[in-house]
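Below: one structure, written as structure tokens.
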Amino acid sequence: MPSLMPTPVPTPPDALETLRQINETLRSALVLFRPERTHCSRLQPPDFSGLLSQLLQAAECLRRRSEHIDPILPEAAAALKKESLEYRANLEKLKHFLPDLQVRLLAEKSRLESARTHLAAKAAWAKANQQTL
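Numbering of the sequence shown is given in our numbering, commencing with residue 226 and proceeding in unit increments.
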């Protein structure tokens with residue numbers, strides 16, 4: 226998965242490449258968030274904070290692009306529009322996945338808490354039986 230760590234806010238000419246990178250990151254994140262992944266242990270807090278940083282960077286990139294309405298080459302404008310549309314589609318997919326992901330993360334948290342409680346009970350039992358020997 227590409228790095229989800231934030232990068233500097235792009236200048237308008239870098240907008241196309243920035244959106245391409247962010248779309249690649251979003252595609253990778255969407256693979257990680259698939260519903261068939263019942264255990265979410267591969268997901269780490271930095272994944273979410275990095276994804277949020279990428280989303281904020283894309284928003285800033287798109288905001289700056291709309292502020293700088295300089296004439297650009299038609300090919301570049303078409304490519305930028307294509308990336309913007311893909312970004313929007315990726316956001317829609319992310320919006321669709323997040324509620325299910327939240328449910329799976331809560332289930333994983335519950336499973337881990339149950340396992341921790343069970344392990345603590347076993348450790349207490351082992352300690353008590355060790356003292357009786």
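Don't be surprised by glycine CBs; every beta carbon is placed ideally from N, CA and C.
{"Query": "Label residue 308 either buried or exposed according to how many other C-beta atoms from any shown protein chain fall within 10 Å of its C-beta, with 16 as the threshold for buried.", "Result": "buried"}
{"Query": "Helix, strand or coil for residue 268, going by three-state DSSP, please let me know.", "Result": "coil"}
{"Query": "Identify, in the order they occur along the chain, each residue of the same chain with its Cβ nearer than 7 Å to the Cβ of residue 326, setting aside the five sequence neighbours on each side.", "Result": "258"}
{"Query": "Taking the straight line between their C-alpha atoms, what separation do you get for residue 342 and residue 336?", "Result": "10 Å"}
{"Query": "Just how far apart, CA to CA, sit residue 240 and residue 347?", "Result": "56 Å"}
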